[in-house]
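Trainee: The structure follows.
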Amino acid sequence: MRYILASNSPRRRELLKKVIPEFEIIPAVGEEKTGSSSPAEIVEELSFQKASEIFHKILTDTDDNFVVIGADTVVSYNHRVLGKPVDETHAHQMLRMLSGQTHKVYTGVTIFIMADKKSEHFTFSECTDVYVSELSEGEIADYIKSGECMDKAGAYGIQGEFSRFITGIDGDYFNVVGLPVSRLYRELKARDII
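Sequential numbering from 1 applies to the sequence shown in the working numbering.
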């Protein structure tokens, strides 16, 4: 079976290796659009778009059996969805908002399967609660200076320097990094894809 990750994220690449040792990377390039307002629906819709784009691209080139995995992650605080910051000011606003609060991280995953000339797909999402300590203005400024926040939903990476501000989580840690490893494994195993 051929496995393809529809993402260029180095974090998702590392996490997927915990489930599937060998796979290809073909990042989706289509514009991300969603009409949903709930975080779970947003990540499910965007993960579907990514996986679908790559699935249909490969479908025109091969008769092989293959699996495409797409994922999308957002941070949600107080019913407001926080994507990646557009600039440092935006990152500061997000980090100030999350300071001393609990927020939710949602990751949606869509898997397209082509096996024996039959295709199917399924989508799921996971949610993890994340607790952040009170941040001073200096801590926010220093973290933004590190540059780590700029390509991450909610303007932080739990696996990097920001980890010192995380006081706890409730749920799957890897979901916050960008891929719910345990759930992904169970879903693939249940369908005999791995």
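Where is the CB? At the ideal position from N, CA and C, for every residue including glycine. Small disclaimer: the values here were computed from a predicted structure and weren't measured.
1) Determine whether the beta carbon atoms of residue 126 and residue 107 lie at a separation below 7 Å.
2) Apart from the five residues just before and just after residue 77, which ones in its own chain have a Cβ nearer than 7 Å to its Cβ?
3) Pairs of beta-carbons, one from the region 14-31 and one from the region 165-180, closer than 8 Å: are there three or more?
4) I'd like to check one pair, residue 115 with residue 51: are the Cβ atoms closer than 7 Å?
5) Going straight from the alpha carbon of residue 144 to that of residue 10, what length do you get?
6) The beta strand (DSSP E) spanning residue 125 covers which residue range?
7) Looking only at its own chain, which residues have a Cβ that is under 6 Å from the Cβ of residue 73, when we skip the five neighbours before and after it?
8) Please report how far the alpha carbon of residue 118 lies from the alpha carbon of residue 188, in whole angstroms.
9) Where do the ends of the alpha helix (DSSP H) carrying residue 142 lie?
10) Candidates 132, 186 and 28: which alpha carbon is nearest residue 162's?
11) Since residue 36 sits in a beta bridge, which residues does DSSP pair it with?
12) So residue 193 and residue 129 are supposed to be a Cβ contact under 8 Å. How far apart are they, rounded?
13) Give me, in chain order, the residues of the same chain whose beta-carbon lies closer than 7 Å to that of residue 160; leave out the 5 immediate sequence neighbours on both sides.
14) Decide if residue 35 is buried, meaning its Cβ has at least 16 other Cβ atoms within 10 Å, or exposed.
15) Could you check what DSSP says for residue 94 in three-state terms: helix, strand or coil?
16) Just the C-alpha distance for residue 138 and residue 37, rounded to the nearest angstrom, thanks.
Mentor: Judging by the given coordinates:
1) Result yes, Cβ atoms of residue 126 and residue 107 sit closer than 7 Å.
2) Answer for residue 77: 97, 98, 101 and 103, listed in chain order.
3) Judged by pairs of C-beta atoms under 8 Å, the region 14-31 touches the region 165-180, as three or more such pairs exist.
4) Pairing residue 51 with residue 115 gives a Cβ-Cβ distance that is not under 7 Å.
5) Approximately 20 Å between the Cα atoms of the pair.
6) Where residue 125 is concerned, the enclosing beta strand (DSSP E) stretches over 118-132.
7) So the qualifying residues of the chain are 107, 153 and 178.
8) Computed Cα separation, rounded: 17 Å.
9) It spans 137-146 - the alpha helix (DSSP H) in which residue 142 sits, taken as one unbroken run.
10) Selection 132, 186 and 28 evaluated against residue 162 yields 132 as nearest (Cα-Cα).
11) Looking at the DSSP assignment, residue 36 forms no beta bridge with any residue, so it has no partner.
12) With 8 Å as the limit, residue 193 and residue 129 do not qualify as a contact, their Cβ atoms being about 29 Å apart.
13) The beta carbon of residue 160 sits closer than 7 Å to the beta carbons of 148 from its chain, once the five residues preceding and following it are set aside; these are given in chain order.
14) Under this definition residue 35 is an exposed residue.
15) Note: residue 94 maps to helix in three-state DSSP.
16) Counting only the Cα atoms, residue 37 lies some 33 Å from residue 138.
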